Amino acid sequence: MRVIVTGGAAGIGARIVNAFQSNGAEVGVVDLEEAPQAQVGVTADARDHETFGLAIGELIDRLGGVDVVVNNLGVSGKIGGMDSVDPGAMRTTLDVNVIAATVAAGRCVRHMVRGSSVINIVSTAGIFGYPNRTPYVASKWALVGLTKTWAMELGERGIKVNAICPGTVDGPRMDRVISAEAAVTGRTESSIRDAYLNQTSMHTFITGDEIGDLAVFLANAPHISGQIISVDGHAETLRTS
182 MRVIVTGGAA GIGARIVNAF QSNGAEVGVV DLEEAPQAQV GVTADARDHE TFGLAIGELI
242 DRLGGVDVVV NNLGVSGKIG GMDSVDPGAM RTTLDVNVIA ATVAAGRCVR HMVRGSSVIN
302 IVSTAGIFGY PNRTPYVASK WALVGLTKTW AMELGERGIK VNAICPGTVD GPRMDRVISA
362 EAAVTGRTES SIRDAYLNQT SMHTFITGDE IGDLAVFLAN APHISGQIIS VDGHAETLRT
422 S
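The structure is reproduced here in structure tokens:
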């Protein structure tokens with residue numbers, strides 16, 4: 182199995198890479214930084230869509246084809262009220278989270294055969310409202326819609342398209358989100374962390390390994406397509422105030 186993971190150098194992406202490699206796949210990674218764990222890696226800025234598309238093409242050539250593309254690359258966007266959204270910053274969030282994902286998937290499906298997979302890593306912010314996160318939410322709801330649309334469009338070719346919606350993933354990126362939210366709201370980081378834990382029925386954060394394991398499962402499942410699957414400890418809300 183030949184797999185391309187965008188944003189696979191660190192965080193959830195690195196765990197996805199490890200999961201596929203542990204199951205015998207050959208994995209190529211495109212990211213802003215180098216991914217030393219990948220068998221094949223290229224660097225590219227997802228905001229430059231032409232260069233990013235060429236990087237995807239290079240990975241396909243070096244892998245000798247592609248069976249799975251995991252659109253994991255994403256940015257958090259600026260945190261703040263909807264009345265303070267900066268259009269340029271929001272456009273950057275959409276450029277990376279939505280348009281780059283479309284470029285990657287579009288490049289890959291040209292080379293895919295029946296049984297191949299497109300897997301979009303979204304967020305529970307693509308299912309719930311998320312106060313003070315307008316750019317991020319817009320991008321994630323867009324990816325959910327694209328997942329459904331691409332599944333319809335590619336189904337006749339036997340190409341599966343699914344989305345994984347991680348909840349709060351423990352790690353440095355979430356620490357940065359909590360810190361930024363504390364700065365905007367004036368609350369303590371510990372109170373915000375507790376609020377995130379209390380969003381879920383299971384009162385827990387999740388791990389990147391869980392996302393990697395599910396991605397491998399979806400890549401191998403012959404008839405699962407068009408699904409939006411949450412891994413979040415049963416999130417009930419994304420409100421932290």
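Under the working numbering, the residue at position 90 of the sequence shown is numbered 271, and the numbers go up by one with no gaps.
By construction, the Cβ of each residue, glycine as well, lies at the ideal position given by its N, Cα and C atoms.
The structure presented is a predicted model; accordingly, all values stated were derived computationally and were not measured.
Excluding the five sequence neighbours on either side, which residues of its own chain have a C-beta within less than 7 Å of the C-beta of THR369, listed in chain order? ALA363
- request: At 4 residues or longer, and completely inside the stretch 282–346: list those alpha helix (DSSP H) runs for me, N to C.
  value: 315–335
request  = For PHE386, I'd like the list of residues in its chain whose CB is within less than 6 Å of its CB, leaving aside the five on either flank, ordered along the chain.
outcome  = THR349 and ASP351
Measure from the alpha carbon of GLY188 to the alpha carbon of each residue in ALA400, LYS341 and PRO217, then state which is nearest.
-> When ALA400, LYS341 and PRO217 are compared, the shortest CA-CA separation from GLY188 is found for PRO217.
Open item on the list: Taking only three categories from DSSP, how would you classify SER257?
Closed with: coil
Proximity to ALA285 [Cα-Cα], best of ALA227, ALA400 and ALA200
ALA227
| field | CA-to-CA distance, LYS259 to ILE405, given in whole angstroms | value | Whole-angstrom Cα-Cα distance: 34 Å.
(Q) Rounded to whole angstroms, what is the Cα-Cα separation between ALA402 and VAL184? (A) 15 Å
Check: Where does THR232 fall in DSSP's three states?
Finding: helix
Leaving out the 5 sequence neighbours to the left and right, which residues in its chain are closer than 8 Å to ARG424 when beta-carbon positions are compared?
With the chain represented from 182 up to 422, any question about residue 424 goes unanswered, as that position is not in the structure.
**OP:** For PRO347, count neighbouring C-beta atoms within 10 Å of its own C-beta (all shown protein chains included) and say buried if the count is 16 or more, exposed if not.
**Re:** buried
(message) Among GLN408, ALA400, GLU417 and LEU419, whose alpha-carbon lies nearest the alpha-carbon of ASP248?
(response) ALA400
Q.
I'd like to know whether the C-beta atoms of LYS321 and GLY307 end up nearer to each other than 8 Å.
A. yes
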